[in-house]
Amino acid sequence: MIRFEPRGPVAVSRTIGVSVTAAVAALVLAAIPMLFAGLSVLDAYVLMIKGAWGSMFAFTEMLTRASPLILTGLAAAVAFRAKLWNIGAEGQLYAGALAAVAVGTGLISGPSFVLVPAVIVAGALAGGLVMLVPTLLKTRLGVDEVVTTLLLNFVILLFVQMMLEGPMQDPMGMGWPQSEPILDEAALPKLMDRMRIHWGLVIALAASLGVYFLLKRTVWGFEIRAVGENAAAARHAGIPVTATFIRVGLLSGALAGLAGVGEVAGLKGYLTADLSPGFGYSGIVVAMLAGLSPIGVVFAALFIASIFVGADSMSRATGVSNYLADLIVAISLLSVLVSGLFLRFRIRLAGTRPARESAK
Amino acid sequence: MSDILEIFMSASFWAAAIRIATPLIFGVVGALICERSGVLNLGIEGIFTAGAMAGWMAVWLGAGLWGGVLVAALAGGFFGLIHAVLTVPLGLSQHVSGIGVTLFATSLSYFIYRTALPDVSSPPRIEAFQPLDIPVLSDLPFLGPALFQQTPLTFLALFLVAATAYVLYRTPLGLAIQAVGDNPAAVESQGLSVYGLRMGTVVAGSAIMALGGAFLTMSAFDAFFFGMVNGRGWICIALTVFASWRPGKALLGALLFGAFDAFQVRLQTEVGSFIPGQVFLMMPYLLSIAALIVVARRADYPRALLVPYFRGQR
């Protein structure tokens with residue numbers, strides 16, 4: 001008989017150990033489908049590592065891919081901390097991108113130091129407002145936010161398609177459903193010449209530090225953690241639970257909206273309905289791999305981005321479908337759940353001596 | 361106005377409503393079985409995809425249509441088992457595990473499909489289920505084409521509603537399932553296995569969900585497309601709340617939903633020139649959210665839903 005004994009507070013090193021274990025386990029488990037697809041597993045992983053880290057170009061591409069993942073990862077992490085289940089980062093990302101395009105294609109004009117912040121604020125605001133709807137439905141009417149955020153993803157994507165085929169379609173776009181290009185003054189500057197890497201990465205890293213500071217050092221952060229641990233107890237202790245949910249919802253949506261800003265104003269330059277290959281959903285995996293730590297999110301995003309960019313490159317070389325990347329990412333989520341057990345519990349076979357009170 | 365009346369008077373409208381409702385009936389019945397025992401199964405969206413892909417591929421490889429249905433159910437059961445192990449004995453977050461199962465089942469289905477068919481541009485077709493020709497009933501004027509010219513999977517869905525209602529309300533097993541979703545400790549004290557009941561319902565419910573996916577590739581269409589499930593699983597989760605976890609109401613909810621969807625598609629041909637098509641495509645999702653809002657105040661969740669049970673520790 002197996003027993004789980006709860007552990008006391010856990011050291012950071014153990015949290016990191018769990019994440020690394022989960023990542024390695026996912027890579028090992030992914031060998032099974034790779035073998036079925038006729039890949040030599042070791043060669044495939046070498047190709048993937050080269051594809052994501054093997055050259056300056058590969059490395060900057062990986063960082064470019066990591067930027068939105070850091071932001072959607074933070075969006076999930078901060079919401080999950082409060083046990084607000086925001087599964088709608090995908091939709092909030094599109095809302096942010098749509099707002100960025102609306103503002104950045106000529107609604108207002110001016111120099112960069114006006115337009116760039118305007119685009120950023122518009123995107124964050126749009127993402128936050130989109131998440132405000134399910135948050136208010138939860139706090140006011142008791143509607144479960146998991147399903148509403150998931151369903152809103154589809155609504156928003158259709159809304160974006162509607163705008164791109166209607167009022168926001170580029171008249172010079174030969175009838176393609178795409179927006180007008182973002183003005184040069186409104187675009188996020190590139191970080192390096194001849195590379196696609198842009199200031200979205202800086203925004204993402206700053207956001208990660210900001211969320212870390214918020215959670216660790218502020219009253220609001222304390223309230224977020226308290227609500228997540230036990231909402232009833234927090235309410236009893238006089239913590240404004242409803243206000244906390246609303247703050248978390250706005251923040252989480254805004255972070256996802258910023259991911260959309262980066263993709264459209266930093267990378268693509270114009271909006272299409274296939275802007276995101278599921279960054280919102282991958283963000284959940286990033287957050288879980290990071291143990292919901294805002295700093296950990298950065299490293300988890302680098303891992304997931306390496307999988308995506310590496311698998312793209314491996315796929316081009318071997319012809320094996322790059323859905324392998326999504327598969328590895330999905331397995332990472334399941335394996336981090338399981339390996340998290342070792343964090344929260346000491347696992348013992350019955351009959352063995354009970355553990356002494358774990359050292360504090 | 362007379363145009364709208366004409367829509368309701370046409371047999372093809374009611375036939376379409378039932379056709380649209382069929383995958384949702386499978387999905388809602390599967391979801392409510394899981395939730396009645398206390399386990400939310402957000403793997404549903406991926407399980408739909410897996411059922412659609414596995415069922416289609418089995419038929420394509422020559423297993424026959426009912427062979428395909430069986431393979432789809434087994435695929436659903438497999439992913440259900442993963443969710444069951446993670447959430448029941450291990451007691452992990454049902455939300456996160458469910459999302460994980462959805463991502464896993466979806467990406468595995470896509471990967472297998474792409475690996476088996478590396479470079480096809482148009483998806484290969486199979487000989488899908490044809491509408492049954494029921495003696496007498498199918499030949500009735502109006503009622504025949506409206507209600508009785510459906511494919512066998514629709515009748516299987518209706519049978520499963522009745523069977524689920526019977527098991528849930530009329531058998532000791534059903535009472536135990538209801539009890540384990542409300543008060544697992546009481547079930548344990550009766551000498552029944554909480555883990556066994558919950559894992560069993562999650563596997564069975566997931567197998568039924570997968571049939572909803574199989575209906576898409578083997579009845580509604582005759583091929584597998586990426587993204588073809590398109591949120592139907594999430595709609596089912598909303599409909600389950602709307603149906604207060606009751607099989608009869610689930611059937612009613614799915615049919616209402618199907619009727620609305622069939623209606624708006626027909627309305628689109630009337631007023632489509634004024635309103636962009638996406639507005640109509642949004643309706644199913646908005647309607648699901650509206651359904652959740654309507655019942656939110658009086659939703660009577662199974663009391664132990666989302667609460668893991670640890671043997672002998674509470």
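Protein sequence lines, in the order shown, are assigned to chains B and X. Okay, so the first sequence: first residue is 1 according to our numbering, each after it adds one. Okay, so the second sequence: first residue is 361 according to our numbering, each after it adds one. Don't be surprised by glycine CBs; every beta carbon is placed ideally from N, CA and C.
1) Distance, Cα to Cα, B:Ala26 vs B:Val219?
2) By the DSSP assignment, the alpha helix (DSSP H) with B:His236 in it spans what residues?
3) In chain order, what residues of the same chain have a beta carbon less than 7 Å from the beta carbon of B:Phe113, not counting five sequence neighbours either side?
4) Specify, as a first and last residue, the run of the alpha helix (DSSP H) that X:Thr524 falls within.
5) Under a Cβ-count criterion, where at least 16 other Cβ atoms within 10 Å of its own Cβ denotes burial, should B:Leu13 be classed as buried or exposed?
6) In whole angstroms, what separates the C-alpha of B:Ala355 from that of B:Val155?
7) Assuming contact is defined by CB atoms lying nearer than 8 Å, are X:Ala375 and X:Gly411 in contact in what I supplied?
8) Whose C-beta lies closer than 8 Å to the C-beta of X:Asn543 among residues of the same chain, with five residues either side of it excluded?
9) Could you tell me which whole alpha helix (DSSP H) segments of length 4 or greater appear in the stretch 142–198 of chain B?
10) May I ask you to list, following chain order, the residues of the stretch 94–119 of chain B that have a beta carbon less than 7 Å from some beta carbon of chain X?
11) Does DSSP classify B:Thr272 as helix, strand or coil?
12) Just to confirm my understanding: we take X:Gly498, look at its own chain, exclude 5 residues before and 5 after, and list those with CB closer than 6 Å. What are they?
13) Step through the CB atoms of chain X and report whether any lies within less than 8 Å of the CB of B:Val18.
14) Below 8 Å between beta carbons: does that hold for X:Ala423 and X:Ala570?
15) Could you tell me the distance, in whole angstroms, from the CA atom of B:Trp53 to the CA atom of B:Leu115?
16) Where do the N-terminal and C-terminal ends of the alpha helix (DSSP H) with X:Val562 fall, by residue?
17) Check the Cβ-Cβ distances between B:Met172 and every residue of chain X, and say whether any is below 8 Å.
18) Beta-carbon of B:Arg14 versus every beta-carbon of chain X: anything under 8 Å?
19) Taking Cβ-Cβ distances below 9 Å as the criterion, which residues of the stretch 623–648 of chain X are in contact with chain B?
20) Measure the CB-CB distance between B:Ala311 and B:Ala330 and report whether it falls below 8 Å.
21) Candidates B:Ala95, B:Val241, B:Ala233 and B:Ala265: which alpha carbon is nearest B:Leu201's?
22) Can you tell me where the alpha helix (DSSP H) holding X:Leu463 begins and where it ends?
23) Thinking just about the alpha-carbon of each residue, which of B:Tyr281, B:Asn322 and B:Ile246 is nearest to the one in B:Ala76?
24) For X:Asp479, is the classification buried or exposed, using 16 other Cβ atoms within 10 angstroms of its Cβ as the cut-off for buried?
25) By how many angstroms is the C-alpha of X:Val399 removed from the C-alpha of X:Gly390?
26) Since I believe X:Gly406 is in contact with X:Thr447 (beta carbons under 8 Å), could you give me their beta-carbon distance rounded to a whole number of angstroms?
27) Distance cutoff 8 Å, beta carbons only. Does X:Pro662 sit that close to anything in chain B?
28) Would you identify the three-state DSSP class for X:Pro662, choosing helix, strand or coil?
29) Do you know whose CA, among B:Val261, B:Gly88 and B:Glu185, lies nearest B:Gly110's CA?
30) Considering just the uninterrupted stretch of the alpha helix (DSSP H) at B:Val24, what are its terminal residues?
31) From X:Leu641, X:Tyr669 and X:Ala614, pick the residue whose C-alpha is nearest to that of X:Leu627; which is it?
32) Work out the CA separation of B:Glu263 and B:Ala124 for me, nearest whole Å.
33) Alpha carbon to alpha carbon, how far is B:Glu90 from X:Pro449? Give it in angstroms, no decimals.
34) Can you check which of these residues, X:Leu430, X:Gly428, X:Met413 and X:Phe438, is closest to X:Thr561 by C-alpha distance?
35) Against X:Val563, what residues of chain B qualify as contacts under a CB-to-CB distance less than 7 Å, listed in chain order?
36) Just mark X:Asp660 as buried or exposed, buried being the case when its beta carbon has 16 or more other beta carbons within 10 Å.
Taking the coordinates as given:
1) Within the first sequence, residue 26 of chain B is the residue found at index 26, counting from 1. Within the first sequence, residue 219 of chain B is the residue found at index 219, counting from 1. Looking at the two C-alpha atoms, the distance is approximately 37 Å.
2) In the first sequence, counting from the first residue as 1, residue 236 of chain B sits at position 236. B:His236 -> alpha helix (DSSP H) spans Ala231 to His236.
3) In the first sequence, residue 113 of chain B corresponds to position 113, counting from 1. Answer for B:Phe113: no residue qualifies.
4) Within the second sequence, numbered from 1, the residue matching residue 524 of chain X stands at position 164. Counting along the chain, the alpha helix (DSSP H) containing X:Thr524 begins and ends at Pro512 to Arg530.
5) The count along the first sequence starts at 1 and reaches residue 13 of chain B at position 13. The sequence given here has Ser at residue 13 of chain B, not Leu. Exposed, by the Cβ-count rule.
6) Here residue 355 of chain B corresponds to residue number 355 of the first sequence, with the count starting at 1. Here residue 155 of chain B corresponds to residue number 155 of the first sequence, with the count starting at 1. Note that B:Ala355 scores a pLDDT of 47, beneath 50, so its modelled location is shaky; the value from the coordinates is reported in the next line. Using only the alpha carbons, I get a separation of about 52 Å.
7) By 1-based counting over the second sequence, the position of residue 375 of chain X is 15. By 1-based counting over the second sequence, the position of residue 411 of chain X is 51. No, Cβ-Cβ distance for X:Ala375 and X:Gly411 is not below 8 Å.
8) The residue given as residue 543 of chain X occupies position 183 in the second sequence. Excluding sequence neighbours, X:Asn543 sits near Arg663 and Ala664.
9) 145–165
10) none
11) The residue given as residue 272 of chain B occupies position 272 in the first sequence. The answer is strand: DSSP assigns B:Thr272 an E or B state.
12) Taking the second sequence and counting its residues from 1, one reaches residue 498 of chain X at position 138. One detail in the question is off: residue 498 of chain X reads as Ser in this sequence, not Gly. Once the five neighbours on either side are set aside, the close Cβ partners of X:Ser498 are Gly504, Phe508 and Gln509.
13) What you label residue 18 of chain B is simply residue 18 of the first sequence in a count that begins at 1. Chain X contact via Cβ: absent.
14) On the second sequence, position 63 is the one that residue 423 of chain X refers to. On the second sequence, position 210 is the one that residue 570 of chain X refers to. Contact: no.
15) Residue mapping note: residue 53 of chain B aligns to position 53 of the first sequence, counting from 1. Residue mapping note: residue 115 of chain B aligns to position 115 of the first sequence, counting from 1. Approximately 34 Å between the Cα atoms of the pair.
16) For this step, residue 562 of chain X is matched to residue 202 along the second sequence. First-last of the alpha helix (DSSP H) with X:Val562: Val554 to Phe575.
17) Here residue 172 of chain B is taken as the residue at index 172 of the first sequence, counted from 1. With 8 Å as the cut-off, B:Met172 does not count as an interface residue toward chain X.
18) As a position in the first sequence, residue 14 of chain B is number 14, starting the count at 1. No, its Cβ sits nowhere closer than 8 Å to a Cβ of chain X.
19) Pro636, Gly637, Gln638, Val639, Leu641, Met642, Pro644, Tyr645, Leu646 and Ser648
20) Reading the first sequence from its first residue, position 311 is the one you call residue 311 of chain B. Reading the first sequence from its first residue, position 330 is the one you call residue 330 of chain B. Cβ atoms of B:Ala311 and B:Ala330: not closer than 8 Å.
21) Locating residue 201 of chain B in the first sequence gives position 201, counting from the first residue. It is B:Ala265.
22) Locating residue 463 of chain X in the second sequence gives position 103, counting from the first residue. Element bounds for X:Leu463: Gln454 to Ala476.
23) As a first step, residue 76 of chain B must be located in the first sequence, where it is residue number 76. Comparing Cα positions, the closest option is B:Tyr281.
24) As a working note, residue 479 of chain X is residue 119 in the second sequence. X:Asp479 is exposed by the Cβ-count criterion.
25) Here residue 390 of chain X corresponds to residue number 30 of the second sequence, with the count starting at 1. Here residue 399 of chain X corresponds to residue number 39 of the second sequence, with the count starting at 1. Straight-line Cα distance between these residues: approximately 11 Å.
26) The sequence position of residue 447 of chain X within the second sequence is 87, counting from 1. The sequence position of residue 406 of chain X within the second sequence is 46, counting from 1. With a Cβ gap of about 15 Å, X:Thr447 and X:Gly406 do not count as contacting.
27) Here residue 662 of chain X corresponds to residue number 302 of the second sequence, with the count starting at 1. No, X:Pro662 does not count as interfacial toward chain B.
28) Position 302 of the second sequence, counted from the first residue, corresponds to residue 662 of chain X. The answer is coil: DSSP assigns X:Pro662 none of H, G, I, E or B.
29) Residue numbering aside, residue 110 of chain B sits at position 110 when the first sequence is read from its first letter. Checked all of B:Val261, B:Gly88 and B:Glu185; the closest Cα to B:Gly110 is B:Glu185.
30) The count along the first sequence starts at 1 and reaches residue 24 of chain B at position 24. Looking at the DSSP string, the run of the alpha helix (DSSP H) that includes B:Val24 is Val12 to Leu29.
31) Here residue 627 of chain X corresponds to residue number 267 of the second sequence, with the count starting at 1. Measuring from the Cα of X:Leu627, the nearest candidate turns out to be X:Leu641.
32) For this step, residue 124 of chain B is matched to residue 124 along the first sequence. For this step, residue 263 of chain B is matched to residue 263 along the first sequence. Each residue's alpha carbon lies about 13 Å from the other.
33) Taking the first residue of the second sequence as position 1, residue 449 of chain X is located at position 89. Taking the first residue of the first sequence as position 1, residue 90 of chain B is located at position 90. Going from the Cα of X:Pro449 to the Cα of B:Glu90 covers about 32 Å.
34) Here residue 561 of chain X is taken as the residue at index 201 of the second sequence, counted from 1. Comparing Cα-Cα distances from X:Thr561 to each of X:Leu430, X:Gly428, X:Met413 and X:Phe438, the minimum goes to X:Phe438.
35) For the purposes of this step, residue 563 of chain X is taken as residue 203 along the second sequence, with counting starting at 1. In chain order: nothing, as chain B lies at least about 17 Å away.
36) Position 300 of the second sequence holds residue 660 of chain X. Flag for X:Asp660 reads exposed.
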